[in-house]
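From first to last, the protein sequence lines are chains A, B and C.
For the first sequence, our numbering begins at 153 and goes up steadily by one.
For the second sequence, our numbering begins at 138 and goes up steadily by one.
For the third sequence, our numbering begins at 173 and goes up steadily by one.
For every residue, glycine included, the Cβ atom is placed at its ideal position computed from N, Cα and C.
Note sheet for the following structure.
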Amino acid sequence: MAKRIEVSGLNAYYGGFLAVENVSMTIEPRSVTAFIGPSGCGKSTFLRTLNRMHEVIPGARVEGRVMLDQQDLYGERIDPVAVRRVVGMVFQRPNPFPTMSIYDNVAAGLKLNGVKRKNELDGIVENSLKGANLWNEVKDRLDKPGAGLSGGQQQRLCIARAIAVQPQVLLMDEPCSALDPISTLAIEDLIAQLKSQYTIVIVTHNMQQAARVSDRTAFFNIAGTGKPGKLIELDETSKIFTNPTEKATEDYITGRFG
Amino acid sequence: MSAPTLSPKRGLPGGQAIPATSGMRRLKDNIVLVAVYVAFALAVIPLASVLYKIISEGVQVLSADFFLRSMNGIGGRDAGGGIYHAMIGTLEQVALASAISIPVAVLTAVYLVEYGQGNRLSKVISFFVDVMTGIPSIVAGLFVLAFWILVLGFEVSGFAGALALAVLMIPTVVRSAEEMLKLVPNDLREASYALGVPRWRTITRVVLPTAFTGIITGIMLAVARVMGETAPLLLTIWVTKVINFNPFDGAQSSLPTYIWEQAGDPNQVAVDRAWGAALALIFIIMVLNFGARLLARRTSIR
Amino acid sequence: MTSIDDVRTRAVGAQRQRRAMSTGRRGDRIFRSAALGSGVFVLVIMAAIAAFLVWKAIPALQENEANFFTATEWNANGDPPRFGVAQLAFGTVMSAAMALIMATPVAIGIALFIGFYAPRRLAEGLGFVVDLLAAVPSIIYGLWGLHFLVTNSQGVVEFLNGVLGWIPLFAGDSVGGQSIFIGSVVLAIMILPIISSITREVFLQVPTAHIEAAQALGATRWETIRLSVLPYGRSGMISAMMLGLGRALGETVAIALVLSTVAGINWHLLEPGGNTFAANIVRTFGESGEIGRSALIASGLVLFVITMVVNMAARAIVARRKEFV
């Protein structure tokens, strides 16, 4: 199910402001790619271009190509809604639907895609919750509101919701930044398991986390306020953290700025 | 712990990475899109029709005389006559209503935001201000009729009408002033306290001036609203065809009650006068609304 | 270590200081009292409205020879006076309910249009148009209703009668003219902006996170609204409807101009006739004597109680939602 993503010459704008400039990279399937960099370097913006969530912000637009196995996400006849069905996303703050039960949260995307049969839904909900390491904690209260869970559980619920529609890519925008260390550890364990099936891209502020969970790491940087963010380098995580090619990467890794 | 496999239940069509959104879903999306546009058109049509009708009918009777004459000596079938007495009445009644309600309303808002700060009494006041917003205007008229005219024994007068309008104005001004006072940053208050300025001076010299344009905006909208109120005036100012400058003595006219009389008259000349008066009334109200809008925009930039 | 003398000197000092600041303190007290007094005054007005209406309603209720709640006639100036609110209640509730049924879907559609469909710059202008709709006074809607809508709606009314005539409410042989139906169309236009602007505000409060959650699942625009906007805004929409209902129940001159006076309850809403609490007051006030006025005040009291209940319920729903979210 996991697919390779090839980005070439991508620019992302907010109105007239160029936020991300000329990014080209290849994201490997069945692996975890981490985006790191200082605040405002465009890593989250870039992440949101990978499932066309960038353009839901009024005035935002994208130039360039994002190929998902030979198909351009920004191709002429591509429906952004369909893209998001294939490229799932987990947000910085857990955002379960507040009025829905745990079960309905996980089933929400499936129901949109026309899965109606109860036993089919039951099976996928259970598998998804197991896949998100949440099943044992919630199996007795599936009809309770998702908002009643702890922050870490809510985030895993959101991951379950995202994987329930069986996407090919999973984007995670700082998924642990609102969580405590124990919940963070649970999410990181989960990421390690999920990468056997999904192409995972994670944005993180936390370099230790990038080092722990990712196979490859991309470093983004900006020249200054108001300047566009750029991809500085993308390489094996071990190389980025021990022997980066670029001086700027090394400065950032060693804490000289950012 | 091993991750359970999630095998795809349905294959992706044509080996494509991105499946098309199903036709049914797109259809539903488009139906709602159309419905939403239709809803908007349904709202715009009556507004356009009302404005068109008022302007096209109203301009036909407009003349200097229409603004400068009363209805004194004009019978139902006679053409001519004007709205001078009604404009005098409306302006005086609204001015009196404002004079009564604005101080009470602004002070109430000050209490709610600056002193009450969520205590029990302020919650009760706040709740009843909301409830008061929903009082039908006719009930405000009946109240003034019962209290001012029947119990205290005063005559019908412009002032009695102003009392009823004040009852209607108070809650709207309280609400808008309250919103504006809440927007004043706490830092400003604290900076003033830190200088040793007593609280009431902080409120009158710092808080109220900061919120001033916002409060004025709210007042303008409230004035525009009560200016068109008809029902309470019918019970409190009575009707007259002649000019009465004194709002404290005897019946007065007003633009809305004037429209009411003329619109209910079977003669076409009267209906024409009603359109003319409606045009004058809506013009004043729209000026107040646009003015308030401009003022609000200026404030929000600052 | 502080000795008792120390404390005493300090206390005296503080007292002296207090005296020095006394102008400020007194100003504070006066200003605070004024603010408090105004707040309490608002409560007094509300209480006074109820009290004086009851007081002045009693004489007529004592003289009344008909059942105040079930009689359909309104002959308060007769000797003996006979009057009841049944016809008024029927017309009021029917016209308001129909207005609500017509206005709610359109109002929610407008709120969705402004919030999620219209381009941002256009949306702002459209919001203003809706505000203008609210700014037009009811007397003008009445004038328009009587001298434009009534005369130009005959075709639509006959069409409704033809298509929906099997429903008793839309039945009748002499449909058209100044009917409850036309009255409720005018009311619907008047309450539209209220419902719409409150709904719009509620929609604005829907957290972006919830909207993005739906979008990221691959929801279309409508599915996003259904998944995240409507559930979040449900109680807000209900209270907006109730506030609109309250306004429709109490509306006076527009409905008084549009309806024509026909005695009795007529279930055929497309036929001329009908009356409401508020319309009856302004129509018959002019020729009312002492008991007649008192009777009108009694009917106004009923209207006051009904609208109070509707409004309080609406506010309570809003308040509960605030605590819930």
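Sheet register partners of residue i (DSSP bridge)
i         : result
Ser253(A) : Pro297(A)
Pro444(C) : Ser351(C)
Phe320(C) : None, per the DSSP bridge assignment.
Ala186(A) : Ile354(A), Thr369(A)
Arg217(A) : Ser160(A)
Asn548(C) : One cannot answer for residue 548(C) here, as it falls past the ends of chain C, which runs 173 to 497.
Trp246(C) : Phe255(C)
Leu386(A) : Ala370(A)
Asp100(A) : Any answer about residue 100(A) is impossible in this case: the structure gives chain A only from 153 up to 410.
Collapsed DSSP secondary structure at residue i in the structure displayed
i         : result
Phe255(C) : strand
Thr354(B) : helix
Ile209(A) : coil
Gly381(A) : strand
Leu184(B) : helix
Leu322(A) : strand
Met193(C) : Only weak support exists for where Met193(C) lies, its pLDDT of 46 falling under 50; the value from the coordinates is given anyway. Residue state, collapsed to three classes: coil.
Asp345(C) : coil
Ala234(A) : helix
Trp376(B) : In the sequence on display, residue 376(B) carries Val and not Trp. Looking at Val376(B) - three-state DSSP - the assignment turns out to be coil, as it is neither helix nor strand.
Ser390(B) : coil
Asn421(A) : Only positions 153 to 410 of chain A appear in this structure, which leaves residue 421(A) out of reach.
Thr420(A) : Residue 420(A) lies beyond the stretch modelled for chain A, which goes from 153 to 410, so this question has no answer here.
Phe382(B) : coil
Cys310(A) : helix
Gly218(B) : coil
Ile419(B) : helix
Gly210(B) : coil
Lys347(A) : coil
Asn279(A) : helix
Segment limits, beta strand (DSSP E) that includes residue i
i         : result
Ser235(B) : No beta strand (DSSP E) contains Ser235(B), which is instead part of the alpha helix (DSSP H) from 221-247.
Glu158(A) : 157-166
Gly240(A) : 239-242
Thr341(B) : Segment: none, Thr341(B) is in no beta strand (DSSP E) and carries neither H nor E.
Ala411(A) : Because residue 411(A) is not part of the residues shown, which for chain A are 153 to 410, the question remains open.
CA nearest to the CA of residue i, picked from the options
i         : options                                    : result
Thr158(B) : Gly261(A), Gly167(A), Val172(A)            : Gly261(A)
Met218(C) : Val477(C), Ile311(C), Val482(C)            : Val477(C)
Asn151(A) : Ile188(A), Asp224(A), Pro210(A)            : Outside the shown range of chain A (153 to 410) lies residue 151(A), about which nothing can therefore be said.
Phe320(C) : Ala414(B), Pro156(B), Pro183(B)            : Pro183(B)
Ser193(B) : Ala178(B), Pro393(B), Val424(B), Ala415(B) : Ala415(B)
Ala232(C) : Trp394(C), Pro403(C), Gly464(C)            : Gly464(C)
Arg487(C) : Ser407(C), Val226(C), Val301(C)            : Ser407(C)
His222(B) : Val379(B), Ala429(B), Val406(B), Ala411(B) : Val379(B)
Ala299(B) : Pro156(B), Leu205(B), Ile239(B)            : Ile239(B)
Leu220(A) : Ala312(A), Pro181(A), Thr389(A), Lys291(A) : Pro181(A)
Met161(B) : Gly405(C), Leu304(C), Thr392(C)            : Thr392(C)
Val247(B) : Ile356(B), Val288(B), Arg312(B), Ala277(B) : Arg312(B)
Gly390(C) : Ala330(A), His206(A), Val235(A)            : Val235(A)
Cys193(A) : Ala299(A), Gly376(A), Ile334(A)            : Gly376(A)
Ala433(B) : Leu249(B), Ala348(B), Asn381(B), Ala361(B) : Ala348(B)
Val242(A) : Ala299(A), Leu199(A), Ile276(A), Cys310(A) : Cys310(A)
Phe385(B) : Trp285(B), Val276(B), Phe264(B), Phe296(B) : Phe296(B)
Thr396(C) : Ala258(C), Ile427(C), Gln387(C)            : Gln387(C)
N- and C-terminal bounds of the alpha helix (DSSP H) containing residue i
i         : result
Leu302(B) : 295-320
Val281(B) : 274-281
Ser407(C) : 402-422
Asn333(C) : 326-336
Asp292(A) : Note, Asp292(A): premise wrong, no alpha helix (DSSP H); not H, not E.
Lys195(A) : 195-201
Leu298(C) : 292-307
Ala157(B) : Element bounds for Ala157(B): n/a, residue is neither H nor E.
Supposed contact pair residue j and residue i - C-beta distance, whole angstroms, cut 8 Å
i         : j         : result
Leu364(C) : Val425(C) : No, Leu364(C) and Val425(C) are not in contact; Cβ-Cβ is about 18 Å, not under 8 Å.
Ala259(A) : Leu273(A) : 5 Å
Ser274(B) : Pro369(B) : 5 Å
Val355(A) : Ser196(A) : 5 Å
Ala295(C) : Leu359(C) : At roughly 26 Å, the Cβ-Cβ gap does not stay under 8 Å, so Ala295(C) and Leu359(C) are not in contact.
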